[in-house]
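Each number in this note's numbering comes from the position in the sequence shown (counting from 1) with 79 added on.
Think of the CB as a built atom: it goes at the ideal place given N, C-alpha and C, for glycine as much as any other residue.
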Amino acid sequence: MKMKKLFTAVLAAFVLLLQAGVCLALDVISHIPENPQKALIMIHGYGQSGERMQGLAATLKETMPDTALYFPTAPDSAPFGGYQWFVLPVMGADMITMDKYKIMLKSAVENVDDLHDLIDDIHEDLGLPYDYIDIAGFSQGGLMAVLAAITSHNQIGRAVSLSGVPLIFTEDFAAGDVEAKPDIMLIQGLADDVVPPESIDMTQKTLQSVGVEPQLVKIPGLRHRVTPQVLEYLAEFLE
Numbered sequence: 080m081k082m083k084k085l086f087t088a089v090l091a092a093f094v095l096l097l098q099a100g101v102c103l104a105l106d107v108i109s110h111i112p113e114n115p116q117k118a119l120i121m122i123h124g125y126g127q128s129g130e131r132m133q134g135l136a137a138t139l140k141e142t143m144p145d146t147a148l149y150f151p152t153a154p155d156s157a158p159f160g161g162y163q164w165f166v167l168p169v170m171g172a173d174m175i176t177m178d179k180y181k182i183m184l185k186s187a188v189e190n191v192d193d194l195h196d197l198i199d200d201i202h203e204d205l206g207l208p209y210d211y212i213d214i215a216g217f218s219q220g221g222l223m224a225v226l227a228a229i230t231s232h233n234q235i236g237r238a239v240s241l242s243g244v245p246l247i248f249t250e251d252f253a254a255g256d257v258e259a260k261p262d263i264m265l266i267q268g269l270a271d272d273v274v275p276p277e278s279i280d281m282t283q284k285t286l287q288s289v290g291v292e293p294q295l296v297k298i299p300g301l302r303h304r305v306t307p308q309v310l311e312y313l314a315e316f317l318e
């Protein structure tokens, strides 16, 4: 009898979550103002989490007070702790070799639907039009932000890649997979020793080939990090 009651309670909770439109595939931390006018999804990098990424929340709340903020955690555990959106076989210059890139894109494409589901949940929960939902990410999250934006069945507002892993075509992601063409900004530090600085040019070339002209911001001396200057570019673009 006790087990039956427990099962019934768990099932009821599950149904309530579905009715509320909660994205069950991802652990998501949110900061929602009283009357949100827009929404922004911020995606963490390799070995991090939504909890760590929400360290940006205080700054973002100041610059975008009417924006609901969402910080999802990737579904896969990273080998050395934290979480990952896709397999990362190597960092640095070797990252942009095609054999390594094919490995990364395969798992990135497998996980991008979780972000599509989150976008749908936000649209339904807040009643916001899709083009009032923006997405941005750092490092791994930068690639996922751009990938999610251009493969979404519903065109969202804008996407921003902060020091993002490059987006290029492989057998797992081709031009025919592009569904939408939102406004996109790419920000890259020219002293980055984790994601090669030329990554921004590779992503630009991929986007241009499908009719998307991204805005580029190349910052001399910037290493692999999110600085106040980077957040200023982000906020200005999203407004």
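Short check: CB of residue i to CB of residue j, under 8 Å?
| i | j | result |
| --- | --- | --- |
| ASP256 | LYS185 | no |
| MET319 | TRP164 | No answer is possible for residue 319: the residues shown for the chain start at 80 and end at 318. |
| GLY300 | VAL274 | no |
| ILE266 | LEU241 | yes |
| VAL239 | LEU313 | yes |
| GLN219 | LEU167 | yes |
| MET264 | GLN308 | no |
| ASP193 | LEU105 | yes |
| VAL188 | ALA227 | no |
With residue i and residue j assumed to form a contact (beta carbons below 8 Å), what rounded beta-carbon distance in angstroms separates them?
| i | j | result |
| --- | --- | --- |
| VAL289 | ALA254 | 5 Å |
| GLN133 | ILE111 | That pair is no contact at about 13 Å. |
| PHE159 | GLY126 | 6 Å |
| VAL291 | LEU135 | About 26 Å; that fails the 8 Å criterion. |
| ILE247 | TYR180 | 6 Å |
| ILE214 | HIS202 | Wrong, their Cβ atoms sit about 12 Å apart, outside the cutoff. |
Nearest by alpha-carbon distance to residue i: which of the options is it?
| i | options | result |
| --- | --- | --- |
| ALA147 | LYS284, ALA227, LEU226 and GLY206 | GLY206 |
| GLY221 | ILE279, LEU135 and ARG131 | ILE279 |
| ARG302 | LYS179, ASP272 and LYS181 | ASP272 |
| ALA153 | GLU311, VAL296, ALA136 and GLY216 | GLY216 |
| ALA118 | ALA157, ASP262, ASP145 and GLU277 | ASP145 |
| ASP178 | ILE298, THR249 and LEU310 | THR249 |
| PRO245 | LYS284, ILE212 and ILE214 | LYS284 |
| GLN262 | GLY124, MET183, VAL225 and ASP155 | Reading the sequence as shown, one finds Asp at residue 262 and not Gln. Selected option, being the one with the closest Cα: VAL225. |
| PRO115 | ASP204, ILE182, GLU315 and THR176 | ASP204 |
| GLU277 | THR176, TYR209 and LEU310 | THR176 |
| ARG131 | ASP155, GLU113, TYR162 and GLU141 | TYR162 |
| SER128 | GLU141, ALA137, MET183 and SER156 | SER156 |
| GLU315 | GLU113, HIS123, MET143 and GLY124 | MET143 |
### Query
Quick one: any contact between the segment 188-206 and the segment 226-241, if contact means 3 or more CB pairs under 8 Å?
By the Cβ rule, the segment 188-206 counts as touching the segment 226-241, because three or more pairs are nearer than 8 Å.
#### Entry: Every unbroken alpha helix (DSSP H) inside the segment 201-279 [4 residues or more]
219-230
### Query
Which runs of the beta strand (DSSP E) spanning at least 3 residues fall entirely within the segment 121-197, listed in chain order?
146-152
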